[in-house]
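As numbered in the numbering used here, residues 61 to 172 make up the sequence shown, in order.
Don't be surprised by glycine CBs; every beta carbon is placed ideally from N, CA and C.
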Amino acid sequence: MSHLIVPEEIRVQLAEHADAEAPNEACGLVAFRNGIAERYLPGRNAAASPYRFELDLDPETWFLEDEGYELAVFHSHVSSPPRPSRTDVENIGLWAGRPYLIYTLRTGELAG
């Protein structure tokens, strides 16, 4: 998927989740169909940290891929720009090769 479209309704959900989890990073999955975000599935940050995230969510969520969705990993940054931090890069693990969205509370910017 080369270009992701995140409608305002989904952006609001991402921002609200990020605000609610601050000062820790929020995380979850965004379900895309044909490059357009249709659903946000909030997860729990098992790391409970403002510097890193460990996405914890219902394993059943991954079955959305069987329904034709592409799942993108989402997390927030409290004050840094919406690009992968060194910690994000070092911990990419399971998320390597997946679309990746980052929202920053500092400016309200979402990047992927």
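Annotated three-state conformation of L64 is coil, per DSSP. Inclusion of H135 and E85 in the CB contact set at 7 Å is warranted, their separation being smaller than that value. Contact annotation: P142 and E114 have beta-carbon atoms that are not nearer than 7 Å.
Straight-line spacing of the CA atoms in V138 and L124 works out to 29 Å. Between R158 and V133, the C-beta gap is smaller than 7 Å, which places the two residues in contact.
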